[in-house]
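Colleague:
Protein chains: 2
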Amino acid sequence: MTISEASRIQEQVDPAGARRNRDSAVVDAIIALIEREGIGIGDRLPPEIELAERLGVSRSSIREAIKSWQSLGIVTRNKGAGTRLSAEISSRSIHLPLTLKLEAESLIRTHAVRRPLEIEASRLAARNASTQERKVILARMAELIAVFEAAEDWRPADHRFHAAIHDATGNPLFGQIIWQIHHAFHDIYDTPFGKAHLGAATIPLHRPLAEAIAAGDETRAAAVTAEILDIVEADVRREMEGGDA
Amino acid sequence: MTISEASRIQEQVDPAGARRNRDSAVVDAIIALIEREGIGIGDRLPPEIELAERLGVSRSSIREAIKSWQSLGIVTRNKGAGTRLSAEISSRSIHLPLTLKLEAESLIRTHAVRRPLEIEASRLAARNASTQERKVILARMAELIAVFEAAEDWRPADHRFHAAIHDATGNPLFGQIIWQIHHAFHDIYDTPFGKAHLGAATIPLHRPLAEAIAAGDETRAAAVTAEILDIVEADVRREMEGGDA
DNA sequence: TGTCAAAACATTGTCTGACAAAGATTGCAT
DNA sequence: ATGCAATCTTTGTCAGACAATGTTTTGACA
Chain A
1 MTISEASRIQ
11 EQVDPAGARR
21 NRDSAVVDAI
31 IALIEREGIG
41 IGDRLPPEIE
51 LAERLGVSRS
61 SIREAIKSWQ
71 SLGIVTRNKG
81 AGTRLSAEIS
91 SRSIHLPLTL
101 KLEAESLIRT
111 HAVRRPLEIE
121 ASRLAARNAS
131 TQERKVILAR
141 MAELIAVFEA
151 AEDWRPADHR
161 FHAAIHDATG
171 NPLFGQIIWQ
181 IHHAFHDIYD
191 TPFGKAHLGA
201 ATIPLHRPLA
211 EAIAAGDETR
221 AAAVTAEILD
231 IVEADVRREM
241 EGGDA
Chain B
1001 MTISEASRIQ
1011 EQVDPAGARR
1021 NRDSAVVDAI
1031 IALIEREGIG
1041 IGDRLPPEIE
1051 LAERLGVSRS
1061 SIREAIKSWQ
1071 SLGIVTRNKG
1081 AGTRLSAEIS
1091 SRSIHLPLTL
1101 KLEAESLIRT
1111 HAVRRPLEIE
1121 ASRLAARNAS
1131 TQERKVILAR
1141 MAELIAVFEA
1151 AEDWRPADHR
1161 FHAAIHDATG
1171 NPLFGQIIWQ
1181 IHHAFHDIYD
1191 TPFGKAHLGA
1201 ATIPLHRPLA
1211 EAIAAGDETR
1221 AAAVTAEILD
1231 IVEADVRREM
1241 EGGDA
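Going down the list, the protein sequences come from chains A and B. For the first sequence, position 143 matches number 143 in this note's numbering, and the numbering has no gaps at all. For the second sequence, position 222 matches number 1222 in this note's numbering, and the numbering has no gaps at all.
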C-alpha cells in the first residue's frame, strides 16, 4: 500500500458514522482535510473534482456541502478561479445564522444593538489591552485623522481603528459580531443613503477615545464611545427623515 | 395563451436581471413565489421538481438555492416528506451568519457579549415597556419564583421571563441575538457541565429586577441585571475550574 | 364496518456525465 | 520583455437515473 493510497483511505467519508445525513459527514470530512492541510483564510481549497475523488463522493455532494459554507460566508467561489476560504473554520467552529427583517427601522435597531457592544468593547480594551495594542490603537487613530483632514475617504481607516479596539478586548466575539452586523448592511446599500458619509462629525472625537483607551481610563473610553454613537445615530435618523420627506 | 401558461411565464427566473449569478435570481424567484402563495412558517414548499418546472431552471439549481436556506436555518428538508419553512422569509429579510470558534474560553466569551446586551435590554425595557408588558414581566417573575421555590426545573420559566423583557425593549433584535447565542450553545452541550443549574442563586434577584422595570427605573434595572450576570459568570468560572481540576 | 399491514406513491438525497462560462496560464509573435 | 491569442482549469448549470425514506392508498381480515 502506497502512502497516497493510505491517505486516501484515511480521508474518505466515514459511511458508518453517517447516522446523520451524508451531508454532515462530507462537511466534517472537508473540515478535517482543511485542518490537516493547514488551509487558512485566503487560501484556495482543492477543486471540487479533486475533493470528490479524495473523499469518495460525487461532485454534487461536494458542491452542496460547500454551498452551505458559501451562504454562511465561510468561502467565496469564483468561476475559473476556485474556492477560497474567507473565514476561519475548524471542527470547533459553530455558526449562528440570524435572520432579521429589513424594514425602515432596521438600521436604527441594529444601531441600538451595536451601541452597548461598542461601549463594552471600548471599556474592555481600556482594561485589557497590551502595551503593543495600545500603541496600535494610537497609530490607527493618527492615520484616521490624517486621512480625514486630507478630505479623502476615511471609512477604511475608521474600520481599521475600530478593529484595533475590538482586537484589544481580548475577546474576538466583539469584533466578529460587530463586523458581521456592519457587513450585512454593507451588502445591501453599498453606501447607505447614497454618498452620505454618516458620522463624519465624530472623527475628531476619535482622538480622546484612543487616548482614553491607551491610558486605561475605562469610564472615559465608554463615555466617548457613547458620544460617538449618539452622533452617528442622530445622523442616521436625520437621513431617514430626509429620505422619507 | 392559457392562464397557467401566463403564470408560468410570470414566474420564470428573469435571465436579464441576472447580473449577479443565477443563484441569486433563483433565490429571488423562490422568495417571490413564497410571498405570492402566502406560504408561512411550518407550511410546505412545492417539491423541487415542480419548482424547477415552474421557474424554468434545473432541479440542481433549485436544490443549491434551497440548500443555502437550509444552512441558514430557514427551511428544513426531509426525505420523502418535503421541505418546510421554519423561519419567516421575504424579500426584505437579511441574514447575519456568525461563525465562532468553540474553545474552552467560548462560554465566558459568549457571556461577555451577552452581558452588555442584557443590561441594555433591561434598561430599554424599563424605559419603553407598555403597561401591558410591565404586567407580563411581573407575572412571569411570579411564576419563576414559584417554580424555583417548588424546587422544580426553573429554566423554562427563566427563559420566559427574560423573553418578556426582550419583547418589552421594542427592538426584536435583542431577543433574537441573545436567544440565538443561547441556542447555539444549547445545541452543543445539552446541559452545560452536566446537570449543574448555573445561576440558581440569582433567582431571588429576579424580583427586584422585575419591579425596577415595572417601575421604569432604568438605573436600578441595569444594576440588578449586572449583578445577576456577575453571579452567573462566577458560577461558570467555578464550574470550569472544577471541571479542569 | 373498523383496523392494520402491505403496496403504491411522492419527495428528497446521491450519483454520473456532459457542456457552458469565465478566470488563470501558457506560448507565440512582435 | 510585452501584449495578445489559444489553451487549460475550475466553478455553474443542466439532464437523467436510481436510492432512501416518509406519506397515502388499498385491501384483507376480523
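Heads up, the beta-carbon is just placed ideally off N, CA and C, and yes, glycines get one too.
(1) Any idea which residues DSSP pairs residue 1093 of chain B with across the strands?
(2) Out of B:1024, B:1198, B:1124 and B:1088, which one is the CA nearest neighbour of residue 115 of chain A?
(3) Which whole-angstrom value describes the C-beta separation of residue 1062 of chain B and residue 1052 of chain B, a residue pair presumed to lie in contact below a C-beta threshold of 8 Å?
(4) Compare the beta carbon distance of residue 71 of chain A and residue 1071 of chain B with 7 Å and say whether it is the shorter of the two.
(5) From residue 1150 of chain B to residue 1203 of chain B, what distance separates their C-alpha atoms?
(6) Taking the DSSP output, what are the residues bridged to residue 175 of chain A?
(7) What is the DSSP secondary structure of residue 1072 of chain B, counted as helix, strand or coil?
(8) According to DSSP, which residues form a beta bridge with residue 1077 of chain B?
(9) Quick check: residue 122 of chain A and residue 221 of chain A, are their CB atoms within less than 7 Å of each other?
(10) Just curious, the alpha helix (DSSP H) that residue 43 of chain A is in, first and last residue?
(11) Flag residue 168 of chain A as yes if its beta-carbon sits less than 7 Å from any beta-carbon of chain B, otherwise no.
(12) Can you name the residues of chain B whose CB is closer than 7 Å to the CB of residue 88 of chain A?
(13) So what does DSSP say about residue 1057 of chain B, is it helix, strand or coil?
(14) When you compare the CB of residue 1061 of chain B with every CB in chain A, is at least one pair closer than 7 Å?
(15) When burial is assigned at 16 or more other CB atoms within 10 Å of the CB, is residue 44 of chain A buried or exposed?
(16) Determine, for residue 1112 of chain B, whether the minimum Cβ-Cβ distance to residues of chain A falls below 7 Å.
(17) What three-state label does DSSP hand residue 167 of chain A in the structure shown?
(18) Got a sec? Which residues, its chain only, sit under 8 Å from residue 232 of chain A by beta carbon, not counting five neighbours each side?
(19) Compile a chain-ordered list of the residues in the stretch 1042-1056 of chain B whose CB is closer than 9 Å to at least one CB of chain A.
(20) Taking beta-carbon pairs under 8 Å, can you tell me which members of the stretch 117-129 of chain A lie near chain B?
(21) List, in order along the chain, the chain B residues whose C-beta lies closer than 7 Å to that of residue 67 of chain A?
(22) Could you spell out the range, first to last residue, of the alpha helix (DSSP H) harbouring residue 1106 of chain B?
(23) Between which two residues does the alpha helix (DSSP H) containing residue 1210 of chain B stretch?
(24) Using a C-beta to C-beta distance shorter than 8 Å, which residues of chain B count as neighbours of residue 73 of chain A?
(25) For residue 1221 of chain B, which of helix, strand or coil comes out of DSSP?
(26) Note down, in chain order, every chain A residue with its Cβ under 7 Å from the Cβ of residue 1132 of chain B.
(27) Quick one, are the C-beta atoms of residue 174 of chain A and residue 162 of chain A less than 7 Å apart?
(28) Which class does residue 1064 of chain B belong to by DSSP, given the choice of helix, strand or coil?
(29) May I ask which residues mark the beginning and end of the alpha helix (DSSP H) holding residue 1203 of chain B?
(30) Quick one: using the 10 Å Cβ neighbour count with 16 as the cut-off for buried, is residue 73 of chain A buried or exposed?
(31) Terminal residues of the continuous alpha helix (DSSP H) containing residue 146 of chain A?
(32) Residue 98 of chain A and residue 1180 of chain B: beta carbons closer than 7 Å?
(33) Hey, would you say residue 1127 of chain B sits closer than 7 Å to residue 1050 of chain B, going by beta carbons?
Modeller: Working from what's here:
(1) A:101
(2) B:1124
(3) 5 Å
(4) yes
(5) 13 Å
(6) Note: residue 175 of chain A sits in no beta bridge, so no partner.
(7) coil
(8) B:1083
(9) yes
(10) It is not in any alpha helix (DSSP H) - residue 43 of chain A carries neither H nor E in the DSSP assignment.
(11) no
(12) 1101
(13) coil
(14) no
(15) exposed
(16) yes
(17) helix
(18) 111, 198, 199 and 202
(19) none
(20) 117, 119, 120 and 124
(21) 1064, 1067 and 1068
(22) 1106-1128
(23) 1206-1215
(24) 1097 and 1099
(25) helix
(26) What residue 1132 of chain B touches in chain A: nothing, since even the nearest Cβ is about 21 Å away.
(27) no
(28) helix
(29) From DSSP, residue 1203 of chain B is part of no alpha helix (DSSP H); its letter is neither H nor E.
(30) buried
(31) 131-149
(32) yes
(33) no
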